[in-house]
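Working notes for the structure below.
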Amino acid sequence: MLLALALTCTACVGYLRADWDFSLISRRAEALYGPLGAGKQRIDAWQNLLATEKQVSELDKLKVVNLFFNKQMRYAEDIDLWHEVDYWATPVESLIKGAGDCEDYAIAKYFSLRRLGVPSEKLLITYVKALRLNRAHMVLTYYSSPNAMPLVLDSLIDDIKPASQRTDLLPVYAFNAEGLWLPGAQGNKKVSDTKRLSRWQDVLKKMTAEGFPTEPEN
């Protein structure tokens, strides 16, 4: 599911300044992946969510996005879904399949919340150990301020809870468009940039191929 970090990539790019042309994205997706089937309805529902939830509070955005992907997708292991040991899917790929594993949920939620205007510095895709399951897991964490207790958006449960109430999760590392972070007693510490995360870079390249704009993030 989640393997060690690789070391090659291109510069991190963003997809947030220009409008997303979903008619182009759907056409590109069909050309890349074949008939969309029921995935087309899921992509249309995603487009509608992004168009209608821009004016609500950040907390409401978290709730809507978390529940949307938890309901639209079912959990599936990479080996069963993609016939690979570790595959990071774009949001479009996940919605076409209607399935994904933990990092696919977290990635889709991250890009959705960024598109809805939540700043990158408030969001970290966080690799954890799920202690009760005794396995690697990935969630999206939200920080209302740099030193705030993060909220956890998890594919395992629909409720968004503070990390202090998720004692079943042990943070290992985290990342966003700005860099790679390690947890510590004094808060998260940036240790590198996302050039170390080749699978993250692969997701960005696939999103470019799918028709998402490629202007760098501010």
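Residue numbering for the sequence shown is 93 to 310, as defined by this note's numbering. Cβ coordinates follow ideal geometry from the N, Cα and C atoms, glycine included.
- Query: Ends of the alpha helix (DSSP H) at Val210?
  - Reply: Per DSSP, Val210 belongs to no alpha helix (DSSP H) and is neither H nor E.
- Taking just the CA atoms, how far does Val184 sit from Ala121? 8 Å
- Task: Check whether the Cβ atoms of Gln164 and Gly129 sit closer than 8 Å, and answer yes or no.
- Result: no
- Task: With DSSP as the reference, label Thr144 as helix, strand or coil.
- Result: helix
- Message: Using CA atoms only, rank isn't needed, just tell me which of Val220, Ser247 and Arg224 is closest to Leu274.
- Response: Val220
- Message: My parser needs the alpha helix (DSSP H) runs of 4 or more residues fully inside the region 132-185; what are they?
- Response: 150-164 and 170-173
- Taking the C-alpha atoms as reference points, what is the distance between Asp272 and Leu296? Correcting the residue identity first, residue 272 is Leu in this sequence and not Asp. Leu272 and Leu296: Cα-Cα distance of roughly 16 Å.
- Task: Starting from the C-beta of Tyr167, find all residues in its chain whose C-beta is less than 6 Å away, skip the five residues before and the five after it, and write them out in chain order.
- Result: none
- Leaving out five residues before and five after Asp196 in sequence, what residues of the same chain have Cβ atoms less than 6 Å from its Cβ? Ala181 and Ser186
- Considering only the beta carbon of each residue, do Leu289 and Phe267 sit closer than 8 Å? yes
- Item | Own chain residues within Cβ distance below 6 Å of Gly131, not counting five before or after | Leu187 and Ile188
- Query: Does the beta-carbon distance from Ala269 to Ser204 come in below 8 Å?
  - Reply: no
- Query: Exposed or buried, which one is Met241 when buried takes at least 16 other CB atoms within 10 Å?
  - Reply: exposed
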